[in-house]
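Sequential numbering from 4 applies to the sequence shown in our numbering. First comes the structure, then the notes that go with it.
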Amino acid sequence: MLALRIASWRHHRRRYTATFLAIFLGVAFCAATLSLTRAAERGAGDAAAIQFSQADLVAFPVNARAAELAGRVARLPDVAAAAAIRTGYVGVSWPHGQAGGSLGISEVPAAAGLRWQRLAAGSFPVASDQVVLAADLAASENVSVGSRLVLGGGHVPRRDVTVVGLLAPEKGADGVSPLATRAGVLQNWQVPGLSVQIDVDATPGVSAGTLVREIRHLAPATEVATTDDLRKQAVSGLTDEVDVLGSFLLGFAVIALFVAGLVSSNTFRIVMTQRTRDLALLRCVGAQRSQVFLMSVAEAMLLGGLAAAAGTASGILSSALLVTLANSTSIPVVLSAVTPGTASLALPFAGGVVVTLAACLAPAWRASRITPVGGLMPEAPSKLGGRMGRAQLGAGILLALTGCAALGVGLASGAMLPALAGGVLTFLGVLAVCPLVVPATISLVGRARRLLPRRWQGGVPADLALLNAVRNPRRTAVTTAALVVGVTLIAMLSVGAASVSATESSALDRVTPVDLAVSGKALPARAADQVRGVDGVQDVVTVAGFPVRAGRRSVAVGTLSQDAAARVVRDEALRAQLGQPANVVVPVSARAEVPGGGLLPFRLQTQRGTVRVRPVLSSLATGPMLVAPAVLERLGGHPRPLALYVRLSDESDPQAVVARVQAELRAGTSTTPLSVEGGYAKRSTYDRAISVILIVATALLAMSVVIALVGVANTLSLSVLERRHEHGLLRALGLTPVQLRLVLAGEALLIAGTAAVIGTVLGIGYGWVGTLTLLHGALHQQPTLAVPTARLAQIVGGAVAAGLLSSVLPARRAVRESPVAALSAE
4 MLALRIASWR HHRRRYTATF LAIFLGVAFC AATLSLTRAA ERGAGDAAAI QFSQADLVAF
64 PVNARAAELA GRVARLPDVA AAAAIRTGYV GVSWPHGQAG GSLGISEVPA AAGLRWQRLA
124 AGSFPVASDQ VVLAADLAAS ENVSVGSRLV LGGGHVPRRD VTVVGLLAPE KGADGVSPLA
184 TRAGVLQNWQ VPGLSVQIDV DATPGVSAGT LVREIRHLAP ATEVATTDDL RKQAVSGLTD
244 EVDVLGSFLL GFAVIALFVA GLVSSNTFRI VMTQRTRDLA LLRCVGAQRS QVFLMSVAEA
304 MLLGGLAAAA GTASGILSSA LLVTLANSTS IPVVLSAVTP GTASLALPFA GGVVVTLAAC
364 LAPAWRASRI TPVGGLMPEA PSKLGGRMGR AQLGAGILLA LTGCAALGVG LASGAMLPAL
424 AGGVLTFLGV LAVCPLVVPA TISLVGRARR LLPRRWQGGV PADLALLNAV RNPRRTAVTT
484 AALVVGVTLI AMLSVGAASV SATESSALDR VTPVDLAVSG KALPARAADQ VRGVDGVQDV
544 VTVAGFPVRA GRRSVAVGTL SQDAAARVVR DEALRAQLGQ PANVVVPVSA RAEVPGGGLL
604 PFRLQTQRGT VRVRPVLSSL ATGPMLVAPA VLERLGGHPR PLALYVRLSD ESDPQAVVAR
664 VQAELRAGTS TTPLSVEGGY AKRSTYDRAI SVILIVATAL LAMSVVIALV GVANTLSLSV
724 LERRHEHGLL RALGLTPVQL RLVLAGEALL IAGTAAVIGT VLGIGYGWVG TLTLLHGALH
784 QQPTLAVPTA RLAQIVGGAV AAGLLSSVLP ARRAVRESPV AALSAE
């Protein structure tokens, strides 16, 4: 019987191509995910413990005994080399005289075998007045080999040193000291708070454990650890992040396998239906139900095993290629080489086999129930009725209602767990009722097209496409469900990201209403023109005013018109406050100058007038107090520039723009200190982080969409084989090859379009519920719900276009067969 199944599989291998491809893609994605996660974890560990990388073990003595203990350890017969290395912090002044703050400094071991540092230029220090500096820091401060630096300051005596070498950058090693000197120097520099370690290199053939025992016997109070233990300790702070990354990626891999299971189940169901006569003939010649069942399962398992093996190998090779490409770029993350482990080999393979087994059981059981006589009769049209169909619909409705109740609990309590469970239950319920929802949606599309002018209704090809799409509701529903999964998740992420971004943008508008604020004691008249000419600046408004009396203090008061505020102030509430004549808007820097602490109205006085105002405490960082233009006119005086409020372009780099603004102001006003502050950098960083996460998540979810589209192509391909006689008859009656292509393209369009619409609607709902639960319930923020219309339109358009593309090969196969050959085929 197994030989019969293998022969049948070889004969009908074209029918299983898409199933093989779906399982292959899901398993490959899972294998690549596990391999990349492992490479990231090992790379993070190597980078975090790079200062121990050339030693076999490390001892941590009391600082005063470091040199003595290092000498005693070096004399042990099992030790090849040992060196005491000190690390601390020291002030630095660069060659141009600017203080650089405090930098980490360490010592370079005298033994070359213990040096983990790599030189980019120059040489290692050999004298006490020589240092090496990180190459990237040297480039930013215009330091080169031969430059002179001044180290020390405060309680540390100042020392002139020469840079004799530049250290090559190490990816991911953020905690490495950028400055280093010769071993044994720092203990004489009076640097406070030095930490010390003794790096030990064992003689070849001596185990680290043996050497640990010898050193502990030599110095019982000294802590000794192997470099492997130190690497685990160093990465322990990163473990949670790596695990989150792994869980994040593995979640997408599970989604891909789930979609592959849907595609496989649909394929097996179609194939078993097409082979009903073959199975009935086997029953006629004596095959038992158990034999038919086992044969069908064996056939599926053979396919699943081959696809899983190929997917595992392809995923590991792909991850190795990705690691090589990533390490060749300038990304600040180092990835270790991909070395396949038991988990990265066994889990993807087992996942593919289990998914295939789960997908084939129901079709195989249904095939084993075929009677010899019933299988030889014409196939009855598929209906949604029957006990199983009603049970499935009832279960789907129950799951959906239960999920909605759980979503309500999550919204009311702000708890993510009930909301997550509710989302899963409602989605499973929607998938269960897809055999009812999908045909109804397609039928609705068919009725809606009749509202169009007759020449736009599609004619006969459109009628045939509609009939074919609803002929087998279960088949169409399962094919649609696979695509609904990917579209729903992508739409949910898009809506959630847009809503969170809009919410945080509103919050940032309140916290940092102005992108940049330039202020100072004497703002030059040309400052506005200087800032306006900086690349990345969208608009500049000058806040003009003069000093007034507020109680016993002299305060600066300026004005900002409604038109000017609309150009540079992002917070709508603050713009409304600026337009009220009874208000004085107080920035954070001027709150101490407000009489009564900003709680009670007070008077602004000049020699020309007095105005009673109500203080409004704002989140503006700097600048004068702000009143309406009419209030400033009543106070009299001669306005002069007090501050500049700057709006930056949305696509600009905030750090670069701020640096250019500061440089421009320094060049034009060398004697006037000006303050440049703002919150646009925080806003831009947050928006970019959201965008990166969204792009990565969308790219990962795209794998599930690709697998689902493979299922669409597979359904159409098997439909072509199933309807050979029908297509041949239509061709004989006058249906042209172009019209036949349009029929299959219309069927693919209906499947993909329906999935895209259902997935988008579900994604909007889930995105809003998730935003409300997370922000309003859990974080107690007032959420702003948003719908990224353009992005959702791209998702729908992409799914529809890909669905049409998936119909090209099946249509080509259909039109290549002549009507005579199709009618004469068995």
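Where a beta carbon is used, it is the ideal one built from N, C-alpha and C, also for glycine.
Tell me whether residue i is buried or exposed, calling it buried when 16 or more other Cβ atoms sit within 10 Å of its Cβ.
i: residue 491; result: buried
i: residue 342; result: exposed
i: residue 499; result: buried
i: residue 413; result: buried
i: residue 641; result: exposed
i: residue 823; result: exposed
i: residue 653; result: exposed
i: residue 580; result: buried
i: residue 730; result: buried
i: residue 243; result: Interpretation of residue 243 is limited by its pLDDT of 47, a score under 50 that renders its predicted location unreliable; the figure taken from the coordinates is listed afterwards. Result: exposed.
i: residue 673; result: Caution is warranted here: a pLDDT of 47 is assigned to residue 673, below 50, making its placement in the model unreliable, and no coordinate value can be reported.
i: residue 120; result: buried
i: residue 287; result: exposed
i: residue 814; result: buried
i: residue 365; result: exposed
Sort the options by Cα distance to residue i and report the nearest one.
i: residue 651; options: 81, 660, 443 and 107; result: 660
i: residue 39; options: 318, 289 and 29; result: 318
i: residue 470; options: 447, 456, 484 and 487; result: 447
i: residue 748; options: 807, 739 and 790; result: 807
i: residue 791; options: 504, 29 and 772; result: 504
i: residue 200; options: 233, 803 and 63; result: 63
i: residue 577; options: 547, 631 and 549; result: 631
i: residue 87; options: 76, 329, 509 and 669; result: 76
i: residue 409; options: 636, 46 and 423; result: 423
i: residue 26; options: 638, 605, 162 and 357; result: 357
i: residue 1; options: 163, 165, 182 and 166; result: No statement about residue 1 is possible, as the shown extent of the chain runs from 4 to 829 and does not include it.
i: residue 292; options: 373, 230 and 594; result: 373
i: residue 488; options: 434, 515, 462 and 528; result: 434
i: residue 105; options: 195, 52, 146 and 82; result: 195
i: residue 483; options: 439, 515, 519 and 450; result: 439
i: residue 811; options: 752, 228 and 821; result: 752
What does DSSP give as the partner residue(s) for residue i in the beta ladder?
i: residue 86; result: 202
i: residue 544; result: 648
i: residue 2; result: The question about residue 2 has no answer here: the residues shown for the chain are numbered 4 through 829.
i: residue 476; result: In the DSSP output, where bridge partners are listed per residue, residue 476 has none listed.
i: residue 618; result: 587
i: residue 184; result: 110 and 134
i: residue 679; result: 521
Which of the three DSSP states, helix, strand or coil, is assigned to residue i?
i: residue 819; result: helix
i: residue 654; result: coil
i: residue 560; result: strand
i: residue 573; result: coil
i: residue 165; result: strand
i: residue 613; result: strand
i: residue 352; result: helix
i: residue 586; result: strand
i: residue 452; result: helix
i: residue 117; result: helix
i: residue 144; result: coil
i: residue 63; result: strand
i: residue 521; result: strand
i: residue 785; result: coil
i: residue 602; result: coil
i: residue 71; result: helix
i: residue 321; result: helix
i: residue 152; result: strand
i: residue 750; result: helix
Under a CB-based cut-off of 8 Å, is residue i close to chain C?
i: residue 529; result: Given the protein chain composition of this structure (a single chain), no chain C is represented.
- Query: Within the chosen definition, does the stretch 609-624 reach the stretch 532-544 through at least 3 CB pairs nearer than 8 Å?
  - Reply: no
- Message: Tell me whether the stretch 450-466 and the stretch 754-763 touch, counting them as touching only if at least three CB pairs, one residue from each stretch, are closer than 8 Å.
- Response: no
- Message: Could you check whether the stretch 391-408 touches the stretch 427-435, counting it as contact only if at least three pairs of C-beta atoms, one from each stretch, sit closer than 8 Å?
- Response: yes
- Item | Meets three-Cβ-pair contact criterion under 8 Å: the stretch 457-467 and the stretch 507-521 | Judged by pairs of C-beta atoms under 8 Å, the stretch 457-467 does not touch the stretch 507-521, as fewer than three such pairs exist.
- Does the count of Cβ pairs from the stretch 584-594 and the stretch 616-635 closer than 8 Å reach three? Judged by Cβ distances under 8 Å, the stretch 584-594 makes contact with the stretch 616-635, as three or more pairs qualify.
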